[in-house]
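Encoded as structure tokens, the structure appears first; notes follow it.
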Amino acid sequence: MELKYSPLKSLDSQSFYVKRHQVPYFGPDWHYHDEYELILTLKGEGVRIIGDEMDQFEAPELILIGSNLPHLFKNKVDETEVDYIVLKFKDDINELPLFKLPELNRVKDLLRRSKRGIKFSPETVQKIKPLFIKLAENKGCNKVISFLQIFDILSNASQTEYLASEKFSLQLIEDGEDRLQKVLNYLGEEYTRDISLEELAEIAHMTKNAFCRYFKEKTGKTAFGYLREYRVSKACQMLISSNKTITEICYDTGFNSFSSFTRIFKSLKNISASEYQNRYLRIGA
Numbered sequence: 001m002e003l004k005y006s007p008l009k010s011l012d013s014q015s016f017y018v019k020r021h022q023v024p025y026f027g028p029d030w031h032y033h034d035e036y037e038l039i040l041t042l043k044g045e046g047v048r049i050i051g052d053e054m055d056q057f058e059a060p061e062l063i064l065i066g067s068n069l070p071h072l073f074k075n076k077v078d079e080t081e082v083d084y085i086v087l088k089f090k091d092d093i094n095e096l097p098l099f100k101l102p103e104l105n106r107v108k109d110l111l112r113r114s115k116r117g118i119k120f121s122p123e124t125v126q127k128i129k130p131l132f133i134k135l136a137e138n139k140g141c142n143k144v145i146s147f148l149q150i151f152d153i154l155s156n157a158s159q160t161e162y163l164a165s166e167k168f169s170l171q172l173i174e175d176g177e178d179r180l181q182k183v184l185n186y187l188g189e190e191y192t193r194d195i196s197l198e199e200l201a202e203i204a205h206m207t208k209n210a211f212c213r214y215f216k217e218k219t220g221k222t223a224f225g226y227l228r229e230y231r232v233s234k235a236c237q238m239l240i241s242s243n244k245t246i247t248e249i250c251y252d253t254g255f256n257s258f259s260s261f262t263r264i265f266k267s268l269k270n271i272s273a274s275e276y277q278n279r280y281l282r283i284g285a
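For the sequence shown, full-length UniProt numbering begins at 1 and goes up steadily by one.
Here it is in structure tokens:
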């Protein structure tokens with residue numbers, strides 16, 4: 001299944017795009033775009049892919065998709081209609097003067113966390129639903145007011161669920177953690193080869209023991225546990241976007257043995273690499 005870049009051209013003359021769709025099916029492509037996307041499914045069920053996460057969905061459901069996060073929704077073949085509202089807005093919205101206000105700090109944090117995709121609770125969906133429907137109908141200032149009301153509720157929602165794994169893109173790091181970010185960037189660039197503890201400790205300007213304690217404290221896992229998860233995340237991307245064999249993908253993502261790759265992949269994804277790939281192929285068929 002080919003990953004396509006699908007930017008929204010109609011945002012040039014407006015701050016955000018919102019439209020209600022009542023159509024036979026969702027768009028067929030696995031795609032990504034620069035814009036943030038908030039999608040409220042009012043009718044329909046099927047399978048959705050957000051990053052490297054694949055799961056069943058059923059209306060009503062509310063998902064926030066971050067900038068450049070690949071995604072796909074596919075409804076069941078026996079359904080005759082899906083009903084959903086899509087809100088898209090530019091990835092540079094944080095640079096607007098309005099978003100410099102401290103009252104919007106929680107909204108900015110929500111958008112930062114949406115890199116992995118966020119699913120909201122049924123309670124939040126019920127709060128948002130009438131506002132979202134109104135947003136699709138409003139014009140002018142009322143449209144902007146509805147937008148802010150929606151994101152005020154979302155940014156204060158207590159029950160949320162990340163969708164894509166934190167390794168699909170490099171782990172979100174709090175401001176001020178430049179040392180850790182340098183290590184994670186290095187892992188993201190060099191994951192295809194053997195990496196030593198000495199290398200990582202040197203980048204962090206620490207002894208090996210101090211680095212191990214530091215990394216575990218900041219991420220909740222060991223450096224090599226993180227690296228294994230990152231390699232599996234990259235393997236997931238390749239399983240659905242390349243024509244390489246699973247064996248080739250194993251070695252291209254830095255694993256030294258196929259048996260180790262198979263064991264680690266299944267322990268992290270709860271299915272084998274071949275099952276994972278076949279599920280995507282069935283969706284894209």
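Every residue, glycine too, gets a C-beta built ideally from N, C-alpha and C.
* Could you tell me which of 155, 6 and 36 sits nearest to residue 109, measuring between CA atoms? => Within the sequence shown, the letter at position 109 stands for residue 109. Closest by alpha carbon: 155.
* Asked: According to the neighbour-count rule (16 or more other Cβ atoms, all chains shown, within 10 Å of its Cβ), is residue 282 buried or exposed?
  -> Here residue 282 refers to the residue found at position 282 when the sequence shown is read from its first residue. Answer is exposed; the Cβ neighbour count stays below 16.
* Asked: Of the residues 62, 197 and 224, which one's Cα is nearest the Cα of residue 160?
  -> Reading the sequence shown from its first residue, position 160 is the one you call residue 160. Out of 62, 197 and 224, 62 has the C-alpha closest to the C-alpha of residue 160.
* Asked: Between the beta-carbon of residue 25 and the beta-carbon of residue 82, is there less than 8 Å?
  -> Position 25 of the sequence shown, counted from the first residue, corresponds to residue 25. Position 82 of the sequence shown, counted from the first residue, corresponds to residue 82. For residue 25 and residue 82, yes; Cβs fall inside 8 Å.
* Asked: What does a CB cutoff of less than 7 Å around residue 74 pick up in its chain, not counting 5 residues either side in sequence?
  -> Taking the first residue of the sequence shown as 1, we reach residue 74 at position 74. Excluding positions up to five away in sequence, the list reads 26, 46, 47 and 283.
* Tell me whether residue 271 sits in a helix, a strand or coil according to DSSP, three-state version. => Counted from its first residue, the sequence shown places residue 271 at position 271. If DSSP states are grouped into helix, strand and coil, residue 271 belongs with coil.
* Asked: Unbroken alpha helix (DSSP H) runs of length 4 or more, entirely within the region 131-204: which are they?
  -> 140-155, 178-190 and 197-203
* Compute the Euclidean distance between the alpha carbons of residue 127 and residue 153, then round it to the nearest angstrom. => The residue you call residue 127 lines up with position 127 of the sequence shown. The residue you call residue 153 lines up with position 153 of the sequence shown. Rounded to whole angstroms, residue 127 to residue 153 spans 8 Å at the Cα level.
* Starting from residue 45, follow the beta strand (DSSP E) in both directions and report where the run begins and ends. => The count along the sequence shown starts at 1 and reaches residue 45 at position 45. It spans 45-50 - the beta strand (DSSP E) in which residue 45 sits, taken as one unbroken run.
* Asked: Do residue 36 and residue 92 come within 8 Å of each other at the CB atom, strictly closer than that value?
  -> To locate residue 92, count along the sequence shown from 1; it is residue 92. To locate residue 36, count along the sequence shown from 1; it is residue 36. Taking 8 Å as the Cβ cut-off, residue 92 and residue 36 do not qualify as a contacting pair.
* **Alpha carbon of residue 144 to alpha carbon of residue 57, nearest angstrom** => Your numbering for residue 144 matches position 144 in the sequence shown. Your numbering for residue 57 matches position 57 in the sequence shown. Looking at the two C-alpha atoms, the distance is approximately 29 Å.
* Asked: Quick one: what does DSSP say residue 105 is sitting in, helix, strand or coil?
  -> Your numbering for residue 105 matches position 105 in the sequence shown. Residue 105: helix per DSSP, three-state reduction.
* Asked: Should the region 230-238 be regarded as contacting the region 187-206, the criterion being three or more beta carbon pairs within less than 8 Å?
  -> yes
* Mind checking who residue 289 pairs with in its DSSP beta bridge? => Shown here, the chain extends from 1 to 285; a query on residue 289 therefore has no answer.
* Could you round the C-beta distance between residue 200 and residue 223 to whole angstroms and report it? I think they count as a contact, below 8 Å. => What you label residue 200 is simply residue 200 of the sequence shown in a count that begins at 1. What you label residue 223 is simply residue 223 of the sequence shown in a count that begins at 1. Between residue 223 and residue 200 the Cβ distance is about 6 Å, and since that is below 8 Å, they are a contact.
* **Contact set for residue 172: own chain, Cβ-Cβ below 6 Å, skip 5 residues either direction** => As a first step, residue 172 must be located in the sequence shown, where it is residue number 172. A caution first: residue 172 carries a pLDDT of 46, below 50, which makes its placement in the model unreliable, though a value can still be read off. Hits under 6 Å: none found.
* Taking the alpha-carbon positions, what's the residue 263 to residue 244 distance? -> Position 263 of the sequence shown, counting from 1, holds the residue named residue 263. Position 244 of the sequence shown, counting from 1, holds the residue named residue 244. Cα to Cα, residue 263 sits roughly 20 Å from residue 244.
* Asked: So, are the CB atoms of residue 72 and residue 117 less than 8 Å apart?
  -> What you label residue 72 is simply residue 72 of the sequence shown in a count that begins at 1. What you label residue 117 is simply residue 117 of the sequence shown in a count that begins at 1. Cβ distance not < 8 Å, so residue 72 and residue 117 don't count as in contact.
* **Spatial neighbours of residue 250 in its chain, beta-carbon cut-off 6 Å, leaving aside the 5 residues before and after** => Locating residue 250 in the sequence shown gives position 250, where the first residue counts as 1. For residue 250, where only same-chain residues beyond five positions count, the Cβ hits under 6 Å are 258 and 261.
* Comparing alpha-carbon positions, which option in 253, 52 and 246 lies nearest residue 269? -> In the sequence shown, counting from the first residue as 1, residue 269 sits at position 269. It is 52.
* Beta-carbon spacing of residue 18, residue 87 below 8 Å -> Here residue 18 refers to the residue found at position 18 of the sequence shown. Here residue 87 refers to the residue found at position 87 of the sequence shown. Yes, Cβ-Cβ distance for residue 18 and residue 87 is below 8 Å.
* Asked: Where residue 136 and residue 50 are concerned, what is the direct C-alpha to C-alpha distance, given to the nearest angstrom?
  -> Position 136 of the sequence shown holds residue 136. Position 50 of the sequence shown holds residue 50. Those two C-alpha atoms are separated by around 24 Å.
* Asked: For the candidate residues 29, 279, 105 and 34, whose alpha-carbon lies nearest to that of residue 8?
  -> Counted from its first residue, the sequence shown places residue 8 at position 8. Among 29, 279, 105 and 34, the Cα nearest to that of residue 8 belongs to 34.
* **Proximity of residue 198 and residue 208 at Cβ, strictly below 8 Å** => Counted from its first residue, the sequence shown places residue 198 at position 198. Counted from its first residue, the sequence shown places residue 208 at position 208. In contact: residue 198 and residue 208 (Cβ atoms closer than 8 Å).
* To do: Please classify residue 76: is it buried, with 16 or more other beta-carbons within 10 angstroms of its beta-carbon, or exposed?
  => The count along the sequence shown starts at 1 and reaches residue 76 at position 76. With fewer than 16 Cβ atoms within 10 Å of its Cβ, residue 76 is classed as exposed.
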